[in-house]
Every structure is written in C-alpha cells, then in structure tokens.
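**Student:**
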Amino acid sequence: MSEQPPAVPRPPVAEACRVRVIVDTPQHSGLSGPLDYLSPHPLEAGTLVRVPLGRREVLGIVWDGGGEPGAGGEAPTPESLRAVIEVLDALPPVPRGWRELVDFAASYYQRGLGEVALAALAPELRQINGTQLARRLKRLRSRLSPGAEAPATAERPVPSEDQREVLQALSQSTPRVHLLHGLTGSGKTEVYLRESQRMLDAGRQALVLVPEINLTPQLEARFLERFPGRRVVSLHSGLTPALRLRHWLMALLGEADLVLGTRMAVFAPMPRLGLIVVDEEHDPSYKQQEGARYSARDLAVMRSRIEQIPVLLGSATPSLETWHNALPAAEGGAGRYSRLTLAHRIGGGALPAVRVVDMNRFPAKLLREQPVAPPLMDALRERLARGEQSLVFLNRRGYAPVLQCLECGWKSGCPNCSAWRVFHKQDRSLRCHHCGYTQTVPRACPECGNADIQPVGRGTERLEEQLAQSLLRADGSPARVGRIDADTTRERGKLEATLASVHAGDVDVLVGTQMVAKGHDFRRITLVAAVNSDSALFSSDFRAAERLYALLMQAAGRAGRDARHAGQSEMWVQTWSPQHSLYASLQRHDFPGFARGQLDERRIAGLPPFAHLALVRADARTQDAAQQWLAQASAWGSDLAASLGVVIYPAVPTPIQRVANVERAQMLVESASRPALQRFLAQWMPGLHALRTPRVLRWAVDVDPLAI
Ligand code: ADP
Ligand code: ZN
Ligand code: ZN
C-alpha cells in the first residue's frame, strides 16, 4: 500500500518529480505510450491517479519508472508538464503481474497500452473521484463478513480413480499449462473445485473463467456451497456498475478468494493469484470481437507464465491449438502442455449412441412437409410413449430463413445488407439478423403483386410448430413442445421459467438453438437430435468442422445424464454429407482421431496451429474504397513482409459483404512463425495509422482471428 506519507517534506513543485502515466488515448493520436506528469513526490508503478488531459480530467495508471527523471532527449522540460490532480492512494497499486499482462496484450493484439489498461479496470472507476472511492471502500470493508479464518469445508465427494490420478499429477507438477480433457459429466468441475481449495488453503487466490454469463450463477452457487466462509465474487457484463466495481476492488484488495467470470475477468487484478481455470477452453466467446480483439484463453496462458502459476484448460473437445500443444512430440504434437484425461463419466453413464441419418435418402417434398426425417420421427414417438424427454436442436431462429415469391422468384432480401431477412411468424415480421431492419410481412410480392409468397426452409419457430402438430402423447393429446432461443428468452426470467418447466417434466420436446447445448443439466432427456447439423460445414470458415464437432459433443452431453436412462440415450444427427469423417469420429466418440485428421488437413493447408494469422478489415461506403485502402496498406508493407517471411494476401470482400449499408473487405496476413508475424505487425501498424485514410473508412486488425 502506498498510504504512508513521504518521510521528507514535499519538495517545491519546481523540483517535483516526473511520473509516467498511461491514459485512454486513441491509438492513432500518437499519444499511445505513457505521458509525463508532475507529482510532488514519487509514485509507485501501478498507482491510480487522476490527471488532466486536454480540457478533461481522466483516470490514469502510473506506469514504469515512477519518480524517475524522464528519458531525456526531446522530452519536455518539467516546467511545461502538468501536475497530477489526485492520487487514488486509498487503493494499493495494481500488481506488477497485471501490468505485465496488460503490456503483453496491448503489444500482441496491436492496440494502445492505455486503451487496453483502462478497459481492464472496473468502468465505474472512471466516474468517481478519490473521496467517492474512499467512501465506497469504507462501505465495502464494513460489509465484509468477518471470520473467514477457518472455513468449514462442505461435503465433498470422494474423488474417482480418474480424478485421483489427475489431482496427484497436478499436486506434483511444476506450475505449467495443463489440458484437462474430459467428457461432460466426467468430473472436471470437481477437479477445479479441489485445485482451487488447495490454492485457497495455501493462502492464494483462484481465478475461474467460464464462457457465458448464463453459466456463472450455477457455477457460483457450486463454489459458494463448497467454500463457505470464503469470498467468491463474479465478474461479468451482467453486473451493475456498482457491483462490478465492488467485486473488482475485492479482487485487487485480496479480499476475494476466488473470482469467477467471463472473458473480461482474465484481467481481474489479483495480488495473491495462485491458479487459473479456463472452463470450456475451446469456446469462441473467449475471443473479444471488438476493440482489442484478445483471446481470454490465450491471455490466461500468458498470465500463468508471467505469474509462474498453473493454468487448467478444461474441455471435452479442446481447440485444435490447445490439443496440438498438449499432444506429446512422439504423437506429432508440440508437447508444450501437460495432458490430463478424465476418461469416464461419473457414475459410469455411457455416452449416447450416435445415429447418423443420411438425408439424401428421402424425397425433398417429404422433408419439407415433415419436421424431421421419418426414422427420427419414430424415435421421438418412442420417447413420448415412454414418457421421456427429447431435445431437438437447430441453430437457426425464426420461422423461415427467407420468404419467396413462387411467381417471380422475389426473395426477402435486406436492403441494407447482403443477407436475407428472416420470417418471424409470431409478429409476422421480416427481420434482418445483421442490421436489425424489420418490416411487417408484405401482403403480396413487392415485385409482381402475387399473393402467394412462401416461407422457404425452417427455423426453430417453424420446427416447434411442426413438431407440435405431428407428435401425440400416449393419451392422444398433442405433445408439449417448448422452445429456447434468443427470441423466446429476451424477456427477463423467461429462460429460467422454460428451463424450470423442462426440469418439472412439463415439456416433452424442447426445441432450441445452441443456447440449450451449453451447460444445462437436463436429467430426463434421453434423446438429443441435431436436425440441420452440417449447414455450417461448407462455409469458408476453416474451423467449421472443429466447431461442429464441439457443438454436437456438447449437445450429446445433454442426454442421459441420469444414470437410470444412461443405457438408452441417443444422439441423432441429420446430415446431407454422412461420409464426412467428422461423423465417423463422433460415432466412435473418438476426439483424438477427429483431431488427428483435422490437424493433418491444417498442416497441409498451412492453417493454424501450423501458421499464424492476422486479419486486417476495412469498412467503407463502397467495396472499392475498402479494398483500395487495404491494397495501399499491403503495398506499404510488402518489402517488410518479404524480408520477414510474412505473406500478405490480396484484399477480398468479407463473407457477408455488406452490413447496414457498409461495405466490408478484409486482407489476410500469414506467417509460419509467430514471432515473425509479431515483428511484422509491430513495424507495419504505425505506418497504417499514418496512411491517408478517408474519414468514412474504419479499419482494424484482428490477431489470431477466429474465422477468415
Ligand atoms: P464436468 O465438469 O466434467 O461436466 P462435474 O464435475 O460437474 O463434471 O461432475 C458431474 C457430476 O458428478 C456432478 O453432479 C458432480 O457433483 C458429480 N461428481 C463429480 N465428481 C464426483 C465424485 N468423485 N463422486 C461422486 N460424484 C461426483
Ligand atoms: Zn413476385
Ligand atoms: Zn440488414
């Protein structure tokens, strides 16, 4: 803490020292490094301060070399410097490890240091001054429950044999990155709990990352129950600003023992951090999609290296990058991480048997009229007859993805985007899922006046309707079909209510998008079906197969969680490409085999993890303008790229070229060497900021993009 007053009388301002402070300045302003300010006495690095910036008063963080004279050269003389307004010395400085992480993230993802650092603080901190902060701290301290000394340990299950081996390996290992590979229900969370316990008992803090806010309350309850007397706090975007500040402060003060949160929590300041857990490490939501496009999973790995602590990456279907890193060299991997495996589900429940339905066998007309293929229909009827539940999964919300005129061929395109507008029957609207443009469905074709415009294809709303029409319960009444997707859960509490009715047995068939595939523990579901599973498989995304495999495994994990039904549970997949190797691996539950095939393909194609990518995107009024700017950027970097073994590909339109009347183009930058790519970007980017850029053009770079 920097609360002690300076021992010597403060020197007069003229002799005051120079402190370097980072503030949130736009990267292209040329002010992205620390700025110099005057302070009457030296300030420790990490101290939060309020400083003048232009006419504003902003929050800043004292960076390295506080109190040292500036680096000289052209640095302004102290007389011209402005003074620090206020030192927020009620708080300890943010820890060194945190500053190193922020430094790394800014340089790796090519963003301003101040932008990344200030975004990693609780947003509320910017709004309050030292007096207000002191008041909040006082209130926080008065509310902290006393007597956290000897926490009573709640009931905990005896570890399974698998778990015992994993825990032993962890306790004997030097701090490093561990992949915890285990099916849903194999006891991974129990391992997180035990390892966290070990760290908490040693006086350290633990950080647990989960992909979705939806999952934090469930997990939070589990941690709270396990560690009574310990302080468990959450950090995610669903908290009120005041609560988020409170939890953030508790982390920084070392008062929180365990922080549970979404990707933003990777930046939680924790002075005694001893363990990081990344649950479902393969989940795409760990990647931030705007501003500094960081991967919280990758930053967690870097943070563990900085702090010399272990990190546990848990998944049933690890990302191929992580899998490659955890694969021993003898098996063609990089051998960088340790791989720990939980091979069995707790309670011995078998994984559902996988049935692959070849959709090519059925006439198109039949598939239009029936919600699902006949064999799956029969299987659903069987479950109904037995009073069991089914989950039918379709990753497309709305009634139909497009409306079409049967007379002239008109389709419900979006005037602002290169995309169709989706038909929502509930409010008879046509909605663009990209820009939000919504209209009532026209009575007749806007092109030819024909009244016969038809929905084409099927979304969750239509699937729900068709299933309810064609399925009967044993007593002859219509099947009770529920639906969970972004449309049915917009209202607060709706999701919980539907989940509760599923748990209570008031729903026979649950229709849902990928929202339902994650995390929820459905005891009585014995059949899971993916009805249009490979729609994503033939997109340009090189990760499509990896994504789909993870999604299907995750969906499969929803079935047969109750051991009583375990033997009979099934996963059905409807596909038009049953020969795809993904389905054979899925049927054998052979993730290693699937990963091997995918990694071989990636190696041949020169894709991650065997190549490293950055994507430069430009948005403009016209596609020409966007591509021209990228071409200019490419020309500027071409010699440098060639000298470093980096390839810049030609600019192309993005997969969805126009959104909200903005044309989008992108350009891929690739290298076999990560350091070479980093060196290239570091030298190239300042030039890009200096390029002549039309005022209406926006551009950004995405390092390690999820899709290209
Ligand atoms: P995962 O995180 O891999 O999905 P969990 O840790 O949630 O698995 O475990 C699945 C279920 O089994 C949970 O209900 C959990 O309480 C229970 N469980 C975990 N480990 C054990 C154990 N060793 N003995 C008994 N039950 C266990
Ligand atoms: Zn028409
Ligand atoms: Zn649109």
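Per this note's numbering: the sequence shown = residues 4 to 711. For every residue, glycine included, the Cβ atom is placed at its ideal position computed from N, Cα and C.
Among residues of its own chain, excluding the 5 on either side of Ala489, which ones have a beta-carbon nearer than 8 angstroms to its beta-carbon?
**Tutor:** Closer than 8 angstroms at Cβ, skipping near neighbours: Arg400, Thr516, Met518.
**Student:** Excluding the 5 residues flanking Gln166 on each side, which residues of the same chain have their C-beta closer than 8 angstroms to its C-beta?
**Tutor:** Hits under 8 angstroms: Gly190, Glu193, Val194, Arg197, Leu345.
**Student:** In terms of alpha-carbon separation, which member of Gln669, Thr657, Leu51 lies closest to Ser421?
**Tutor:** Per the Cα distances, Thr657.
**Student:** Could you confirm whether any beta carbon from chain C is found closer than 8 angstroms to the beta carbon of Leu585?
**Tutor:** Among the chains in the structure shown there is no chain C, since it carries only a single protein chain.
**Student:** Under the three-state reduction of DSSP, which class applies to Trp251: helix, strand or coil?
**Tutor:** If DSSP states are grouped into helix, strand and coil, Trp251 belongs with the helices.
**Student:** Inspect the beta-carbon positions of Thr529 and Glu310 and report whether they are closer than 8 angstroms.
**Tutor:** For Thr529 and Glu310, no; Cβs fall outside 8 angstroms.
**Student:** Are there 16 or more other CB atoms within 10 angstroms of the CB of Thr501, so buried, or fewer, so exposed?
**Tutor:** Burial call: buried.
**Student:** Using a Cβ-based criterion (distance less than 7 angstroms to any ligand heavy atom), does Asn363 qualify as near ligand 2?
**Tutor:** No, Cβ of Asn363 sits at least 7 angstroms from all heavy atoms of ligand 2.
**Student:** Given 7 angstroms as the limit, tell me if Lys191 has its C-beta closer than that to any heavy atom belonging to ligand 4.
**Tutor:** Ligand 4 is absent from the structure shown, which contains only ligand 1, ligand 2 and ligand 3.
**Student:** I'd like the span of the alpha helix (DSSP H) that includes Arg229, first residue to last.
**Tutor:** Its alpha helix (DSSP H) spans residues 219-229.
**Student:** What is the DSSP secondary structure of Val304, reduced to helix, strand or coil?
**Tutor:** Correct three-state label for Val304: helix.
**Student:** Here's the rule: buried if 16 or more other CB atoms are within 10 angstroms of the residue's CB, otherwise exposed. What is Asp282?
**Tutor:** Answer is buried; the Cβ neighbour count reaches 16.
**Student:** Tell me whether Trp413, by its Cβ, gets closer than 7 angstroms to a heavy atom of ligand 2.
**Tutor:** The answer is yes for Trp413.
**Student:** For a minimum of 3 consecutive residues, which ranges assigned as the beta strand (DSSP E) are wholly contained in the region 451-512?
**Tutor:** Whole beta strand (DSSP E) segments, 3+ residues: 456-459, 484-487.
**Student:** Could you give the distance in angstroms between the alpha-carbon of Pro98 and the alpha-carbon of Ala108?
**Tutor:** Each residue's Cα considered, the two are about 16 angstroms apart.
**Student:** With a floor of 4 residues, list each alpha helix (DSSP H) that falls wholly inside the region 616-647, ordered by position along the chain.
**Tutor:** Here the runs fully enclosed are 626-647.
**Student:** Alpha carbon to alpha carbon, how far is Met253 from Gly70? Give it in angstroms, no decimals.
**Tutor:** The pLDDT assigned to Gly70 is 40, lower than 50, so where the model puts this residue is not dependable, and the model offers no usable value.
**Student:** Counting C-beta neighbours from all protein chains within 10 Å, is the total for Ile713 16 or more, i.e. buried, or is it exposed?
**Tutor:** Absent from the model: residue 713. The displayed extent of the chain is 4 to 711, so no value can be given.
**Student:** Output the residue ranges of the alpha helix (DSSP H) runs that lie fully inside the region 259-340 and measure 4 residues or longer, sorted by chain position.
**Tutor:** Counting only runs of 4 or more, we get 299-310, 323-329.
**Student:** Return the Cβ separation of Gly600 and Ser584 in integer angstroms, given the expectation that the two are a contact with Cβ distance under 8 angstroms.
**Tutor:** Yes, they are in contact, since the Cβ atoms of Gly600 and Ser584 sit about 5 angstroms apart, within 8 angstroms.
**Student:** Where DSSP assigns a beta bridge to His181, which residues make up the other side?
**Tutor:** Looking at the DSSP assignment, His181 forms a beta bridge with Leu315, Ser341.
**Student:** Residues in its own chain within less than 7 angstroms of Gly73 by CB, not counting five upstream and five downstream?
**Tutor:** Because the pLDDT at Gly73 is just 42, under 50, the model does not fix this residue reliably, and the value given afterwards should be weighed accordingly. The answer, listed in chain order, is Arg21, Asp39.
**Student:** Would Arg234 pass as a contact of Asp260 if the rule is Cβ separation under 8 angstroms?
**Tutor:** Going by C-beta atoms, Arg234 is nearer than 8 angstroms to Asp260.
**Student:** Could you check whether the Cβ of Gln735 sits closer than 7 angstroms to any heavy atom belonging to ligand 1?
**Tutor:** With the chain running from 4 to 711 in the structure shown, residue 735 is simply not present.
**Student:** With a Cβ-Cβ cutoff of 8 angstroms, do Arg624 and Phe613 count as a contact?
**Tutor:** For Arg624 and Phe613, no; Cβs fall outside 8 angstroms.
**Student:** Where does the unbroken alpha helix (DSSP H) through Pro378 begin, and where does it stop?
**Tutor:** 377-389 is the span of the alpha helix (DSSP H), which, as asked, contains Pro378.
**Student:** Taking its Cβ as the centre, do 16 or more other Cβ atoms sit within 10 Å of Asp478, making it buried, or is it exposed?
**Tutor:** Exposed, since its Cβ has fewer than 16 Cβ neighbours within 10 Å.
**Student:** Would you list the residues sitting across from Val519 in a DSSP beta bridge?
**Tutor:** BP columns for Val519 are empty, so no partner.
**Student:** Would you check if there are 3 or more beta carbon pairs closer than 8 angstroms linking the region 548-563 to the region 312-328?
**Tutor:** Judged by Cβ distances under 8 angstroms, the region 548-563 makes contact with the region 312-328, as three or more pairs qualify.
**Student:** Quick check: the region 169-184 against the region 355-370, are there 3 or more CB pairs under 8 angstroms?
**Tutor:** No, they do not touch.
**Student:** Leu383 and Ala376 - do their beta-carbons sit closer together than 8 angstroms?
**Tutor:** Not in contact: Ala376 and Leu383 (Cβ atoms no closer than 8 angstroms).
**Student:** Inspect the CB distances between the region 633-648 and the region 684-698 and report whether three or more fall short of 8 angstroms.
**Tutor:** Judged by Cβ distances under 8 angstroms, the region 633-648 makes contact with the region 684-698, as three or more pairs qualify.
**Student:** Using only the alpha-carbon positions, how far apart do Glu124 and Phe270 sit?
**Tutor:** Reading the sequence as shown, one finds Leu at residue 124 and not Glu. In a straight line, the C-alpha of Leu124 is about 8 angstroms away from that of Phe270.
**Student:** Name all residues in chain order for which at least one heavy atom of ligand 3 lies closer than 5 angstroms to the residue's CB.
**Tutor:** Having a Cβ closer than 5 angstroms to some heavy atom of ligand 3 are Cys417, Asn419, Cys420, Cys435, His437, Cys438, Tyr440.
**Student:** Keeping to the same chain, check which residues put their C-beta closer than 8 angstroms to that of Arg550; ignore five residues upstream and five downstream.
**Tutor:** Around Arg550: Pro287, Ala539, Asp544.
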